[in-house]
Amino acid sequence: MRSDVVVGLGPAGPNRPSTLASDMASTPLTAASDQPAALVIRGGRVIDPASGRDEVADVAIDRGVVRAIGRRLPVSKGVRVIEAKDRLVVPGLIDPHVHLREPGQEHKETIATGGAAAVAGGFTTVCCMPNTSPALDSPELVDFVHARAKATSPCRVFAVAAATRGRKGEELTEIALLARAGAAGISDDGDCIASAGMMSRVLAATAASGLAFMQHCQEPTMTRGAAMHAGERSLRLGLGGWPRAAEEIIIERDVRLNRGIGCRYHVQHISSGESVEIVRRARAAGQPVSAEASPHHLLLTDEACEGYETNAKVNPPLRERKDVEAVRQGVADGTITVLATDHAPHSVDEKSLPFEDAPFGLIGLETALALYAEALVATGLIDWPRLIAMMTLEPARLCNLDRLGLGRLTEGGVADVTVIDPDAPWTIGPECLRSKSRNTPFMGRAVRGRAVATIVNGRVVTG
Ligand code: DOR
0 MRSDVVVGLG PAGPNRPSTL ASDMASTPLT AASDQPAALV IRGGRVIDPA SGRDEVADVA
60 IDRGVVRAIG RRLPVSKGVR VIEAKDRLVV PGLIDPHVHL REPGQEHKET IATGGAAAVA
120 GGFTTVCCMP NTSPALDSPE LVDFVHARAK ATSPCRVFAV AAATRGRKGE ELTEIALLAR
180 AGAAGISDDG DCIASAGMMS RVLAATAASG LAFMQHCQEP TMTRGAAMHA GERSLRLGLG
240 GWPRAAEEII IERDVRLNRG IGCRYHVQHI SSGESVEIVR RARAAGQPVS AEASPHHLLL
300 TDEACEGYET NAKVNPPLRE RKDVEAVRQG VADGTITVLA TDHAPHSVDE KSLPFEDAPF
360 GLIGLETALA LYAEALVATG LIDWPRLIAM MTLEPARLCN LDRLGLGRLT EGGVADVTVI
420 DPDAPWTIGP ECLRSKSRNT PFMGRAVRGR AVATIVNGRV VTG
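Numbering that gives the first Met the number 0 numbers the first residue of the sequence shown as 0 and each following residue consecutively.
Laid out in C-alpha cells, this is it:
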C-alpha cells in the first residue's frame with residue numbers, strides 16, 4: 000500500500016491533505032527517504048486560477064507541500080529538478096465525473112486502472128460515480144471506495160454517492176451520513192431522478208448536507224429504446240431516436256423545483272443547445288445552477304455514429320453541429336463552468352455488440368486535456384488560464400474539495416501539480432491508454448497538448 004498518497008476522505012478524515020504553511024516552514028528542501036522526494040519544477044508558466052497567478056516561476060515541493068513559488072529558487076543537492084521551460088505548471092487537474100466500475104464490473108475498469116488512466120491524463124483527483132454494482136448508496140460503500148483508492152490508486156479518488164437506494168429512484172439514501180463519510184457529491188448518475196416528488200426530497204436533503212446534487216438529465220419515458228440523437232441520421236440508420244427535450248425538460252423541472260430549496264444543482268454532461276440556454280437563464284436569475292461539458296459533446300456530432308460505430312454511442316447522445324456550437328458558446332460566456340470527461344469504460348466484447356445492444360459510454364481520462372484544448376483554446380473561445388480553472392478550481396468548488404486545499408497551487412498548499420506541454424503533438428492510440436478499456440471514438444486523432452508530469456501529494460506519479 001502506498002503511504003504517500005492521500006485519498007479522498009472527507010474533511011474530518013485522517014488523510015486530510017495538509018494545507019498549513021507552518022507545517023513546512025522550517026523543513027529544508029532536501030530528500031527524505033520516507034517521504035516523497037523534494038522537487039523543483041523550474042522555469043514554467045505557473046498558473047493558479049484561485050489567486051490569479053500567471054507568471055514564469057519555479058515551484059519547490061517537499062513532503063507533499065508546495066514550499067515556495069518564485070524566481071530562481073535555490074536547489075539543494077539531491078533534489079529532483081523538472082525543467083518546465085515553455086510548459087504550464089498548474090494545480091493538479093480534477094475530474095468530477097468518472098466511472099471506475101469497482102465494485103462489481105472490474106472487467107471494464109478498476110480503481111487502480113482508472114487511477115492510472117487519470118494520472119496519465121494529468122488528473123490528480125477524480126470523483127467516481129455511484130453506478131457500480133452494488134451502487135454506492137451507503138457510508139460503508141463510500142468507505143470501501145476510499146480505502147481501495149488509498150491502497151491501489153496513484154491519484155486521489157472521491158466517491159459521489161447515490162441519492163436513492165440502488166439508484167432506483169424510489170427510496171432516499173441517508174444523505175447526511177454519506178456526506179459525513181466524505182462523499183464529494185450526490186447523484187444517481189447513469190439514471191435520472193425521474194419522479195418530481197422524489198427529486199424535491201433529494202434536493203432538500205442534499206442542500207442540508209452542503210453537497211451539490213449532480214443530475215443525469217434524462218426523462219426516461221422519452222428515451223425508451225433510444226440509441227442515438229433523434230434526427231435525420233437516426234431515421235436513416237433505423238435506430239431509436241433520443242430527443243433533446245428529454246434532457247431539457249428535466250433541467251427546466253429541476254430548476255423550478257429547486258427555487259424554494261436552493262440546493263447547488265449541477266447538470267452533468269450537457270448535450271443540447273437549448274439546455275445551455277435554460278442553464279444560462281437560471282444562473283442569470285441567481286439560481287445556484289452549474290453545468291459541465293464533456294470532450295465528446297464539444298467536438299463530435301451524431302455523424303460519428305455512422306457505420307454503427309458503437310464507440311460513439313454515449314448517453315446523452317452526440318447531437319448536431321448547432322448543439323456543439325451552443326455548448327462551446329456556453330463555455331465561452333461562463334454558463335458552463337466545469338469540464339468533466341464522463342470516462343465510461345466498457346469492454347471490447349460489449350462494444351462489439353450491434354449498436355442497439357451495445358452499452359452507452361466512452362473513455363476520456365487520457366485524452367481529455369488535448370481535446371478540450373482543441374475545442375476551446377485553439378478556437379480562441381477561452382485561454383489556457385480559464386481552461387485550467389475549469390479543470391481545477393471549478394470542479395474543486397463543485398465537490399467541496401477546495402475545502403481540502405485541492406484545486407489551487409499556492410505556497411503552503413497541497414502539492415498536487417500538473418505540468419503540461421501545451422504544444423506537444425501526439426496521436427491518440429491504444430499505447431497511450433492506461434484504462435482497461437479502449438472505447439474511444441477519438442482513436443487515431445492527431446491532437447496537441449499533453450500532461451508531461453503529474454504530481455500527487457508531492458510525488459511524481461507520471462513523467
Ligand atoms: O454514456 C454513459 N455511460 N453515460 C452515463 O451517464 C453512464 C455511463 C456509464 O456508466 O457507462
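For each residue, glycine too, the CB sits at the ideal point set by N, CA and C.
Item: Report the partner residues of Met476 according to the DSSP bridge assignment.; Value: A query on residue 476 cannot be resolved here, the shown segment of the chain reaching from 0 to 462 and no further.
Item: Can you pull the DSSP bridge partners for Glu291?; Value: Val337
Item: Pop quiz: Val418 and Ile81 are said to be a contact at Cβ under 8 angstroms. What is the actual Cβ separation, rounded to whole angstroms?; Value: 6 angstroms
Item: Roughly how far, in whole angstroms, is the beta-carbon of His295 from the beta-carbon of Val326, given that I think they are within contact range, below 8 angstroms?; Value: Their Cβ separation, rounded to whole angstroms, is 10 angstroms, which puts His295 and Val326 out of contact at 8 angstroms.
Item: Grab me the residues of Gly42's own chain with a C-beta within less than 7 angstroms of its C-beta, minus the 5 sequence neighbours each way, in chain order.; Value: Val55, Asp57, Glu82, Ala83 and Lys84
Item: Quick check: what's the CA-CA separation for Val313 versus His215?; Value: 13 angstroms
Item: Any idea what DSSP makes of Thr366, helix, strand or coil?; Value: coil
Item: So for Pro13, helix, strand or coil by DSSP?; Value: For Pro13, the predicted structure reports a pLDDT of 29, less than 50, and the residue's modelled location is therefore unreliable. A value from the coordinates is still provided. Of the three classes helix, strand and coil, the one that applies to Pro13 here is coil, per DSSP.
Item: On the criterion of 16 or more Cβ atoms from any shown chain inside 10 Å, does Pro90 qualify as buried, or is it exposed?; Value: buried
Item: For Gly224 and chain C, any beta-carbon pair shorter than 8 angstroms?; Value: Protein chains in the displayed structure number just one, and chain C is not present.
Item: Out of curiosity, what's the CA-to-CA distance linking Glu246 and Thr334?; Value: 17 angstroms
Item: For Glu276, which of helix, strand or coil comes out of DSSP?; Value: helix
Item: For Pro440, which of Ile427, Ala150 and Thr131 has the nearest alpha-carbon?; Value: Ile427
Item: My output table needs one value for Asp22: the three-state DSSP class, helix, strand or coil.; Value: Because Asp22 carries a pLDDT of 32, less than 50, the predicted location of this residue cannot be relied on, and no value is offered for it.
Item: Which two residues bound the contiguous alpha helix (DSSP H) that contains Thr123?; Value: Where Thr123 is concerned, there is no enclosing alpha helix (DSSP H), although the beta strand (DSSP E) it sits in stretches over Phe122 to Cys127.
Item: Indicate the three-state DSSP secondary structure (helix, strand or coil) for Ala450 in the structure shown.; Value: strand
Item: Express the C-alpha separation of Ala67 and Ala24 in angstroms, rounding to a whole number.; Value: Because the pLDDT of Ala24 is 28, which lies under 50, any placement of that residue in the model is unreliable, and the number read from its coordinates should be weighed accordingly. Ala24 and Ala67: Cα-Cα distance of roughly 10 angstroms.
Item: So, are the CB atoms of Pro153 and Val376 less than 8 angstroms apart?; Value: no
Item: Per DSSP, what are the beta-bridge partners of Ile60 in this structure?; Value: Leu38 and Val65
Item: Taking only three categories from DSSP, how would you classify Ile381?; Value: coil
Item: Between which two residues does the alpha helix (DSSP H) containing Asp322 stretch?; Value: Arg320 to Ala331
Item: Would Asn257 and Lys350 qualify as a contact pair, given that the criterion is a beta-carbon distance under 8 angstroms?; Value: no
Item: Regarding Gly103 and ligand 1, is the C-beta to nearest heavy atom distance less than 7 angstroms?; Value: no
Item: So what does DSSP say about Asp464, is it helix, strand or coil?; Value: Only positions 0 to 462 of the chain appear in this structure, which leaves residue 464 out of reach.
Item: Measure from the alpha carbon of Asp322 to the alpha carbon of each residue in Thr309, Val446 and Leu298, then state which is nearest.; Value: Leu298
Item: If I'm right that Thr131 touches Pro102 with Cβ under 8 angstroms, what's the distance once you round it to whole angstroms?; Value: 5 angstroms
Item: So what does Ile185 bridge to, in DSSP terms?; Value: Ala160 and Phe212
Item: Is the CB-CB distance between Ala175 and Arg407 below 8 angstroms?; Value: no
Item: Return yes when the C-beta of His98 is under 7 angstroms from any heavy atom of ligand 1, and no when it is not.; Value: yes
Item: Leaving aside the five residues before and after Val201 along the sequence, list all residues of the same chain whose C-beta is less than 6 angstroms from its C-beta, in chain order.; Value: Ala162 and Ile192
Item: Are at least three pairs of beta-carbons, each pair with one atom in the stretch 329-345 and one in the stretch 355-368, less than 8 angstroms apart?; Value: yes
Item: Per DSSP, what kind of secondary structure is Glu251 in: helix, strand or coil?; Value: helix
Item: Which residues mark the beginning and the end of the alpha helix (DSSP H) in which Ala229 is found?; Value: Careful: Ala229 lies outside any alpha helix (DSSP H) and carries neither H nor E.
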